[in-house]
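Peer 1:
There are 2 protein chains.
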Amino acid sequence: MELNLKKLSEILKKNKINNINYTVPDLWFLENYKIDHKFLPTREVMVNPYDFYSAVIDEYLLPRAKDDIDYSLSYSKGHNIKSTNGEWIKRQVLYSMMIRTESSYDSDRSYSLDISNIDGLKETGTFVKTLALLPFLKRLGVTVVYLLPLSKYSLKDKKGELGSPYGVESFTKLDPLLKDTMTGTHMTLEEEFKCFVEACHILSMRVTIDIIPRTNSVCSELVRKHPDWFYWIKASEYKKYKVPKVEGLGSCLYPSYDLMDKVYESADVIRHIKMFKTNPKDMDIEKWNKIKGKTNEEFIEAIEKEFDLKIAPAFSDNINDPQPAWTDVTFFRLYLDDPVKTRDLLKIKHNPYILFDVAKSNLYPGEKPNKKLWDLIASIIPYYQTNFGIDGARIDMGHALPDDLLKLIMNNAKSIDDDFAFIAEELNMANDKMVKENGYNAMIGNGFWALPRVREGEFKRFIDNLKNKMVPCFASVETHDSRRCTNRYGGRKLTRFMTILNYFLPNAIPFINSGQEIYEIEPMNLGCDASLSDLTVLDKDDIFYGKLALFDKYAFHYRGEHSKEIMNHLVDVIKTRNRWLNSICDINYYVPINFYRENSMVVGIGYYNDKGKMLIILANSDMDNMVEVQASINILREKTGNDNMYGRLLYSTYEFPRNFYDFNINQDISVCLNSGEVKIIEI
Amino acid sequence: MELNLKKLSEILKKNKINNINYTVPDLWFLENYKIDHKFLPTREVMVNPYDFYSAVIDEYLLPRAKDDIDYSLSYSKGHNIKSTNGEWIKRQVLYSMMIRTESSYDSDRSYSLDISNIDGLKETGTFVKTLALLPFLKRLGVTVVYLLPLSKYSLKDKKGELGSPYGVESFTKLDPLLKDTMTGTHMTLEEEFKCFVEACHILSMRVTIDIIPRTNSVCSELVRKHPDWFYWIKASEYKKYKVPKVEGLGSCLYPSYDLMDKVYESADVIRHIKMFKTNPKDMDIEKWNKIKGKTNEEFIEAIEKEFDLKIAPAFSDNINDPQPAWTDVTFFRLYLDDPVKTRDLLKIKHNPYILFDVAKSNLYPGEKPNKKLWDLIASIIPYYQTNFGIDGARIDMGHALPDDLLKLIMNNAKSIDDDFAFIAEELNMANDKMVKENGYNAMIGNGFWALPRVREGEFKRFIDNLKNKMVPCFASVETHDSRRCTNRYGGRKLTRFMTILNYFLPNAIPFINSGQEIYEIEPMNLGCDASLSDLTVLDKDDIFYGKLALFDKYAFHYRGEHSKEIMNHLVDVIKTRNRWLNSICDINYYVPINFYRENSMVVGIGYYNDKGKMLIILANSDMDNMVEVQASINILREKTGNDNMYGRLLYSTYEFPRNFYDFNINQDISVCLNSGEVKIIEI
């Protein structure tokens with residue numbers, strides 16, 4: 006099987022330009038590549054980029070590839086693995102990554118992150134450059150690269166310097182910014198993505214993508230063919246467009262049916278609905294035909310000018326959510342008629358409109374599904390499966406899709422790869438049953454919110470609650486939408502503590518948000534559990550001060566003084582996790598550890614195995630105080646019949662690098678836990 | 006007059022290469038050059054080097070040039086200034102500079118100073134690059150660029166990474182390392198030096214050079230033609246060669262005649278003299294003719310191999326000086342016979358030899374001067390006058406030259422430019438009369454040693470002593486041979502204090518050793534009043550740790566946090582000096598200021614002028630304690646008849662930036678002087 010990676014390496018070597026002043030963070034240079042290089046005291050390495058990236062392929066990736074495996078297929082298909090119906094995801098370690106940001110670096114040290122730097126090279130992230138990060142991810146124990154959106158997004162009225170990848174303009178085109186310059190015209194962007202997936206598969210990492218079927222860019226390429234798939238308002242009234250406020254109701258309410266009469270009685274809702282117009286094509290087909298030859302942005306502008314029409318922005322499906330309208334995206338018209346359940350509440354003549362019920366189309370379906378659109382949406386994942394061999398997907402706002410559409414999406418994907426995994430964008434831990442019934446293999450949950458709240462008791466509550474969940478959720482302390490863990494109480498100590506502990510939570514999937522592992526403090530977005538104060542955490546003279554990776558050019562601080570610390574801690578942690586993986590991923594082998602004196606900031610997690618061994622993880626989430634605990638391991642002793650009076654300390658946050666050693670225990674375990682310490686003991 | 010500088014700028018613009026990743030320290034970018042540039046937070050500016058250096062010429066230098074002046078001549082001749090017989094030097098501010106080091110900079114930030122960097126550009130200093138430093142020197146008030154040796158030096162068995170410019174191999178060839186790469190073959194090194202002198206002259210700065218007539222490289226190009234001008238020993242005995250030790254005498258003695266019989270009685274001296282052999286040509290003319298076609302280094306090696314002969318290293322002319330032999334240089338045979346005064350003391354048959362008396366040929370001349378050599382030596386300065394328009398020279402070891410040779414050197418120079426100035430390498434302050442009689446205009450003196458010794462009383466003693474000197478000496482706190490002032494008691498504070506005060510010392514010439522003005526701490530050499538501990542003052546991870554500019558690739562720390570401080574202090578200081586220059590440079594207008602309570606660490610310097618004004622400089626050299634002083638200005642009042650009761654504070658080290666203000670005085674001046682403070686008051 007000819008690997009795309011091999012072709013890529015050859016192109017890099019053929020295109021090589023000499024005398025390029027180029028550095029990468031030394032964290033990208035973990036392997037001892039046999040190329041000219043120089044370590045600088047700035048924690049950088051000076052390299053020729055063509056040499057470097059081809060060395061990553063030739064020296065790290067290709068030697069790990071096996072001849073008889075087709076890495077371009079999904080991991081399960083390429084390796085002929087018996088399908089688990091996507092349940093493999095339970096045993097993985099996820100790393101959330103945005104290609105555009107992940108391999109961003111000011112390689113010419115010009116103190117600006119350039120699309121084309123002094124040497125004409127791209128300093129924002131590309132698939133090709135991200136290959137160099139894979140040795141680092143491997144050391145973190147990552148087994149799934151969880152990609153944030155990759156599709157071409159709209160640049161019209163874009164947010165920030167680059168625009169948001171969530172404002173999708175085209176489902177099947179890739180974001181052209183991700184194209185590397187070193188390969189020039191000798192390789193397409195699609196081929197470069199293929200190389201990336203191939204590389205992940207060679208390293209036994211699966212790849213999942215993030216698809217966004219519920220919303221779409223207000224500048225979508227679909228407008229041209231299907232103006233009736235969108236909601237329209239007068240362009241001249243655009244500035245008056247806002248989320249309707251339902252008087253007499255509280256803030257941010259789930260749009261349950263008992264509230265809907267209040268909604269449709271609201272004067273502001275009526276005002277809002279009256280703003281909607283018919284689509285431009287239906288308004289004047291002749292005029293429409295005149296402009297439809299224009300290119301996309303011009304086309305959207307022509308509609309505004311010629312028809313005084315604009316696509317209406319989407320907004321939250323919760324009633325009276327304080328979030329303003331999402332000006333870059335709109336909802337698709339998933340049904341061609343009004344919601345069945347609420348249509349009688351609206352007495353006035355009207356055009357298709359956006360409202361809480363319309364948005365939440367799983368709760369409020371219509372009678373006439375927009376079949377063509379559904380088919381299109383259900384064809385997105387197959388496109389990425391067939392062309393790139395991806396292994397799973399997160400479905401953005403999946404909770405707001407009609408059940409039948411969700412089923413269609415899943416069935417289409419499963420018909421190509423029955424081991425394809427689905428991740429629900431479900432933050433509410435109470436919805437695990439629904440998530441399970443909908444066919445998802447995992448849910449995000451609210452770990453990112455609960456786990457860092459160690460003083461408030463949320464940490465302990467979250468962990469205690471995990472065992473009852475019907476699908477595993479993410480063991481995460483941050484997401485691309487949230488505040489950084491290192492910017493919370495406990496700082497780096499908390500991040501280190503949580504990142505390590507997360508590898509051992511029961512019925513949970515360790516999840517690292519890119520940057521977390523190097524103690525990044527600037528969030529990528531302020532979407533959820535973050536605030537404006539997060540924008541001022543960097544030094545004022547940092548070139549990324551006030552920038553958000555989701556909208557701006559941003560490079561992580563790979564050269565931070567402590568950027569290798571977590572990686573170094575994880576080396577042995579991962580060995581232990583892998584040795585104990587069967588027990589950790591099977592709730593039947595899990596035994597909560599109780600303490601004689603309760604402490605809301607200390608948790609104990611126990612596992613046993615069929616060989617009569619037990620693994621005990623003790624963790625003190627108090628970032629200020631040490632604690633002495635006496636943990637009862639009676640249940641584990643009963644389950645295993647193991648009455649060994651010697652334990653072996655496999656890891657302690659404060660004895661690093663660790664000397665494995667045996668220590669005396671009694672029937673119980675009595676240990677001191679330093680502030681922010683995780684201790685792992687095997688008996 | 007077509008300026009070489011204009012041609013240089015055109016070449017730079019024509020040769021321009023785009024996309025070069027290049028920075029200079031922001032200190033080199035004091036002018037607001039109209040080129041693409043970017044200030045970085047590292048106190049650097051990113052520029053295209055071709056743009057930058059041509060902008061220095063086009064925007065800073067050329068607009069200051071006048072059409073009717075020939076800048077290629079000496080300053081006095083070009084400006085038709087009436088000759089003062091070199092006495093102009095008394096009114097100047099000197100800046101000692103080694104081109105090789107001055108404009109050194111790691112412009113590609115590769116953490117190595119490269120002869121050819123990533124872009125093929127030279128990172129060590131060149132004449133072309135040094136042009137960019139001239140605006141900075143101008144702000145320091147510099148009016149004479151005092152150049153350390155520029156000639157081609159020997160690279161055989163070189164000291165350090167680059168070799169010492171004091172091991173001259175050719176008097177009239179320039180050090181090829183100083184050639185810039187940006188001009189390529191479009192300009193010669195000689196033309197580039199011309200450009201540099203032109204630029205200095207345009208800025209009303211004179212240029213002096215450092216000539217080395219007493220010693221020469223052991224690999225001199227003169228060996229080929231004149232092997233008899235050198236002293237020879239057996240190559241196979243080279244390792245045994247050492248400075249002879251005269252038993253029964255003390256250490257480091259001046260070789261006065263009364264000691265010479267002891268010298269010639271010494272067994273070790275006899276052993277030493279016996280080592281010398283005849284020169285290779287006289288030994289075997291046929292063999293000599295066979296090898297003389299070889300190039301220089303090979304030629305010297307062939308002599309070693311074929312004749313077993315090697316040129317004998319020079320050593321100090323003081324008896325029992327602890328310094329080891331100077332292995333890179335030898336003495337010239339200035340006389341073809343033995344010293345007249347001591348020849349009878351030596352009883353054995355011998356070949357020409359080096360000894361303390363031979364070395365000190367002014368005290369111990371022979372009868373047969375080596376006329377051809379003398380003529381050659383006396384032609385060095387004329388070469389630099391005729392070709393480059395230099396304005397003065399320091400004569401290295403001039404004190405060891407026969408009087409007649411010295412006269413010949415001076416007369417030759419004066420016949421070309423009767424305003425040519427001579428600086429004596431005389432450190433002993435007591436020799437001022439001899440220096441004067443020999444025709445020098447200034448002497449170095451021992452300010453570099455005395456002035457920083459503020460606690461030992463040397464500071465005050467030196468200043469008190471100045472008024473009696475027959476030639477002005479340097480007001481310096483360091484030289485290229487000594488410890489850095491910033492590395493002495495008082496540190497930066499002392500350097501700032503001394504640098505400012507030096508502009509006002511009576512009968513002295515302010516002298517800045519390059520790097521002093523930016524608080525450099527690593528010396529350039531350990532030659533004099535420095536020790537091995539000076540080699541460890543930089544951070545261990547500084548790429549110049551343990552390096553000496555005289556031997557190694559070295560760049561000053563232009564990006565230091567305080568590197569602009571002294572320059573900023575000097576702005577107004579220089580204005581005051583210039584306004585008062587006639588009085589400061591005329592000892593008749595000088596009045597020492599006395600204090601009612603004596604303090605060995607406080608000095609007062611007074612000047613008056615013909616308009617009845619007085620200038621009072623009060624300086625507290627105590628770097629730890631403040632002091633209250635009451636200074637009597639009675640003599641100044643008498644001299645001027647000025648009984649003004651208001652003084653104007655023109656400068657205070659601690660009120661910076663300064664507000665000029667008037668303040669009440671009585672008959673006396675009572676002020677507080679902070680530690681390391683200079684106060685300048687005009688009445």
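In the order they appear, the protein sequences are chains D and F. Residue numbering for the first sequence follows my numbering, beginning at 6 and increasing consecutively. Residue numbering for the second sequence follows my numbering, beginning at 6 and increasing consecutively. Note that beta-carbon positions come from the ideal geometry of N, C-alpha and C, so glycine has one too. What you are looking at is a predicted structure, and each value in this text was computed from that prediction instead of being measured.
1. Put residue 435 of chain F into one of helix, strand or coil per three-state DSSP.
2. Run through chain F and tell me which residues come within less than 9 Å of residue 43 of chain D, C-beta to C-beta.
3. For the beta strand (DSSP E) that residue 216 of chain D lies in, which residues bound it at each end?
4. Per DSSP, which one or two residues make a beta bridge with residue 28 of chain F?
5. Which residues bound the alpha helix (DSSP H) around residue 133 of chain F?
6. Would you kindly report the start and end of the unbroken alpha helix (DSSP H) that includes residue 588 of chain D?
7. Pair every Cβ in the region 196-209 of chain F with every Cβ in the region 332-350 of chain F, then say whether three or more of these pairs are closer than 8 Å.
8. Confirm, please, whether the CB-CB distance from residue 359 of chain F to residue 317 of chain F is below 7 Å.
9. Indicate whether at least one CB of chain F lies closer than 7 Å to the CB of residue 51 of chain D.
10. Just by C-beta distance, which residues in the region 117-132 of chain D are closer than 9 Å to chain F?
11. Give, in chain order, every unbroken run of the alpha helix (DSSP H) that is at least 4 residues long and sits entirely within the region 316-390 of chain D.
12. Using 7 Å as the threshold, is the C-beta distance between residue 341 of chain F and residue 379 of chain F below it?
13. Would you be able to state if there are at least three C-beta pairs under 8 Å between the region 672-686 of chain F and the region 501-519 of chain F?
14. For chain D, find out if any of its Cβ atoms is closer than 7 Å to the Cβ of residue 546 of chain F; answer yes or no.
15. Starting from the beta carbon of residue 344 of chain D, find every residue of chain F whose beta carbon is closer than 8 Å, and list them in chain order.
16. Go through its chain and collect everything with a Cβ distance to residue 92 of chain F's Cβ below 8 Å, but skip five positions before and after it.
17. How long is the line joining the alpha carbons of residue 70 of chain F and residue 207 of chain F, rounded to whole angstroms?
18. From residue 646 of chain F to residue 468 of chain F, what distance separates their C-alpha atoms?
19. Step through the CB atoms of chain D and report whether any lies within less than 7 Å of the CB of residue 285 of chain F.
20. Please list, in chain order, all residues of the same chain as residue 68 of chain F whose beta carbon is under 8 Å from its beta carbon, the five residues on each side excluded.
21. To which residues does DSSP link residue 489 of chain F through a beta bridge?
22. So residue 254 of chain D and residue 239 of chain D are supposed to be a Cβ contact under 8 Å. How far apart are they, rounded?
23. When the cut-off is 7 Å and only beta carbons count, does residue 433 of chain D lie next to chain F?
24. If we require 3 or more residues per run, which beta strand (DSSP E) segments fall completely within the region 139-175 of chain F?
25. Check each residue of the region 21-46 of chain D: if its Cβ is closer than 8 Å to any Cβ of chain F, include it; give the result in chain order.
26. Since I believe residue 214 of chain F is in contact with residue 389 of chain F (beta carbons under 8 Å), could you give me their beta-carbon distance rounded to a whole number of angstroms?
27. Is the region 165-182 of chain F touching the region 594-603 of chain F in the sense that three or more CB pairs, one from each, lie closer than 8 Å?
28. State the DSSP-derived secondary structure class of residue 521 of chain F, mapped to helix, strand or coil.
29. So is residue 466 of chain D buried or exposed if we call it buried at 16+ other beta carbons inside 10 Å?
30. Reducing DSSP to helix, strand and coil, say where residue 430 of chain F ends up.
31. Closest to residue 88 of chain D by C-alpha separation, out of D:421, D:481, D:654, D:158, would be which residue?
32. With DSSP as the reference, please indicate the residues paired to residue 220 of chain D in a beta bridge.
33. Measuring only the C-alpha atoms, how far is residue 697 of chain F from residue 634 of chain F?
34. Taking the alpha carbon of residue 372 of chain D as the reference point, which residue from D:461, D:407, D:313, D:462 has its own alpha carbon closest?
35. With DSSP as the reference, label residue 620 of chain D as helix, strand or coil.
36. Return the chain-ordered list of same chain residues with a C-beta closer than 8 Å to the C-beta of residue 315 of chain D, the five sequence neighbours on each side being excluded.
Peer 2: Working from what's here:
1. For the purposes of this step, residue 435 of chain F is taken as residue 430 along the second sequence, with counting starting at 1. Of the three classes helix, strand and coil, the one that applies to residue 435 of chain F here is helix, per DSSP.
2. As a first step, residue 43 of chain D is located in the first sequence; it is residue number 38 there, counting from the start. Per Cβ cutoff of 9 Å: 115, 116, 117.
3. Reading the first sequence from its first residue, position 211 is the one you call residue 216 of chain D. Taken as a continuous stretch (DSSP letters only), the beta strand (DSSP E) holding residue 216 of chain D covers 211-216.
4. Walking along the second sequence from the start, residue 28 of chain F turns up at place 23. The partner list for residue 28 of chain F (beta bridge, DSSP) reads F:51.
5. Counting from one through the second sequence, the residue named residue 133 of chain F turns up at place 128. Segment 132-135, the alpha helix (DSSP H) holding residue 133 of chain F.
6. Stepping through the first sequence from its first residue, residue 588 of chain D is reached at position 583. Element bounds for residue 588 of chain D: 586-589.
7. no
8. What you label residue 317 of chain F is simply residue 312 of the second sequence in a count that begins at 1. What you label residue 359 of chain F is simply residue 354 of the second sequence in a count that begins at 1. Yes, the pair counts as a contact, with Cβ atoms nearer than the cut-off.
9. Position 46 of the first sequence, counted from the first residue, corresponds to residue 51 of chain D. By this cut-off, residue 51 of chain D is an interface position.
10. 117, 122, 123, 124, 125
11. 361-364, 376-382
12. Here residue 341 of chain F refers to the residue found at position 336 when the second sequence is read from its first residue. Here residue 379 of chain F refers to the residue found at position 374 when the second sequence is read from its first residue. Result no, Cβ atoms of residue 341 of chain F and residue 379 of chain F do not sit closer than 7 Å.
13. yes
14. Here residue 546 of chain F refers to the residue found at position 541 of the second sequence. At least one chain D Cβ lies under 7 Å of residue 546 of chain F.
15. Here residue 344 of chain D is taken as the residue at index 339 of the first sequence, counted from 1. What residue 344 of chain D touches in chain F: nothing, since even the nearest Cβ is about 56 Å away.
16. Translated into positions along the second sequence, residue 92 of chain F becomes position 87. Answer for residue 92 of chain F: 426, 446, listed in chain order.
17. As a first step, residue 70 of chain F is located in the second sequence; it is residue number 65 there, counting from the start. As a first step, residue 207 of chain F is located in the second sequence; it is residue number 202 there, counting from the start. Whole-angstrom Cα-Cα distance: 5 Å.
18. Translated into positions along the second sequence, residue 646 of chain F becomes position 641. Translated into positions along the second sequence, residue 468 of chain F becomes position 463. The straight-line gap from Cα to Cα measures roughly 26 Å.
19. For the purposes of this step, residue 285 of chain F is taken as residue 280 along the second sequence, with counting starting at 1. Residue 285 of chain F does not count as touching chain D.
20. Numbered from 1 along the second sequence, position 63 holds the residue referred to as residue 68 of chain F. Excluding sequence neighbours, residue 68 of chain F sits near nothing in its chain.
21. Here residue 489 of chain F refers to the residue found at position 484 when the second sequence is read from its first residue. Note: residue 489 of chain F sits in no beta bridge, so no partner.
22. Start at 1 with the first residue of the first sequence, and residue 254 of chain D comes out as number 249. Start at 1 with the first residue of the first sequence, and residue 239 of chain D comes out as number 234. About 27 Å separates the two Cβ atoms, so there is no contact after all.
23. Start at 1 with the first residue of the first sequence, and residue 433 of chain D comes out as number 428. Output row for residue 433 of chain D: interface = no.
24. 149-152
25. 24, 25, 26, 43, 45, 46
26. Stepping through the second sequence from its first residue, residue 389 of chain F is reached at position 384. Stepping through the second sequence from its first residue, residue 214 of chain F is reached at position 209. About 6 Å separates the two Cβ atoms, so the contact holds.
27. no
28. For this step, residue 521 of chain F is matched to residue 516 along the second sequence. Residue 521 of chain F: helix per DSSP, three-state reduction.
29. Counting from one through the first sequence, the residue named residue 466 of chain D turns up at place 461. Residue 466 of chain D should be labelled exposed.
30. Here residue 430 of chain F refers to the residue found at position 425 of the second sequence. Coil, per DSSP.
31. Start at 1 with the first residue of the first sequence, and residue 88 of chain D comes out as number 83. The shortest Cα separation from residue 88 of chain D among D:421, D:481, D:654, D:158 belongs to D:421.
32. On the first sequence, position 215 is the one that residue 220 of chain D refers to. The partner list for residue 220 of chain D (beta bridge, DSSP) reads D:336.
33. Lying outside 6 to 688, the shown extent of chain F, residue 697 of chain F is not represented and no answer is given.
34. Mapped onto the first sequence, residue 372 of chain D falls at position 367. Nearest C-alpha to residue 372 of chain D: D:407.
35. For the purposes of this step, residue 620 of chain D is taken as residue 615 along the first sequence, with counting starting at 1. Strand, per DSSP.
36. The residue given as residue 315 of chain D occupies position 310 in the first sequence. Closer than 8 Å at Cβ, skipping near neighbours: 223, 237, 238, 239, 240, 243, 308, 309.
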